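For any residue, its number in the working numbering is found by taking its place in the sequence shown, counting from 1, and adding 7.
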Amino acid sequence: LWETPVECIKIKMQTQIGKGGTYKGSYDAVRHISKTWGIRGIYQGFWITTVRNTPCFALYLSSFEMTKRYLTKPGEVPTLATCYIAGGVAGFMFWGLLYPLELVKTRIQWDHSDPAKRR
């Protein structure tokens with residue numbers, strides 16, 4: 008529930024062009040967007056974030072566990088190196104394979120807060 012507003016504000020701040028941007032800072036962006044568009048403005052992109060997170064985290068957690076189990080002998084505790092390797096594999100599965108969903112999410116959150124002005 009916190010990821011969508013944080014990402015939305017971050018993306019709005021990052022995509023301001025020039026020194027005379029619409030928002031002076033993160034708090035100003037939250038205040039302005041919530042005052043103009045309400046909670047829907049702050050949660051712009053909620054559904055695509057949910058659609059992205061569900062398969063991404065399922066793939067991340069399952070690939071981490073599968074890699075860790077593959078590299079660890081039965082009855083032994085995984086080593087730190089094994090966990091690092093499993094984390095690398097899981098990170099690749101999360102970002103490497105499902106990054107197009109991140110691009111879609113970013114474009115939706117970057118778009119105008121006014122639904123009539125969206126592309």
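No residue lacks a Cβ here, since even glycine has one placed at the ideal position from N, Cα and C. Bear in mind that the values here come from a model prediction, so they are computed numbers and not experimental data.
| query | result |
| --- | --- |
| Beta-carbon proximity list for residue 37, same chain, < 8 angstroms, skipping 5 on both sides | 12, 16 and 49 |
| Runs of alpha helix (DSSP H) wholly within the region 48-83 (minimum 4 residues, chain order) | 53-78 |
| Contact belief for residue 75 with residue 57 at Cβ below 8 angstroms, rounded distance in angstroms | At roughly 27 angstroms, the Cβ-Cβ gap does not stay under 8 angstroms, so residue 75 and residue 57 are not in contact. |
| Bounding residues of the alpha helix (DSSP H) (the contiguous stretch that carries residue 91) | 87-98 |
| Test item: CB-CB of residue 59 and residue 109 under 9 angstroms | yes |
| Residue 116 and residue 40 closer than 9 angstroms at C-beta | no |
| Alpha carbon of residue 30 to alpha carbon of residue 10, nearest angstrom | 20 angstroms |
| N-terminal and C-terminal residue of the alpha helix (DSSP H) that residue 24 is part of | Residue 24 -> no alpha helix (DSSP H), and no H or E assigned at all. |
| Assigned secondary structure, residue 32 (DSSP; H/G/I helix, E/B strand, else coil) | coil |
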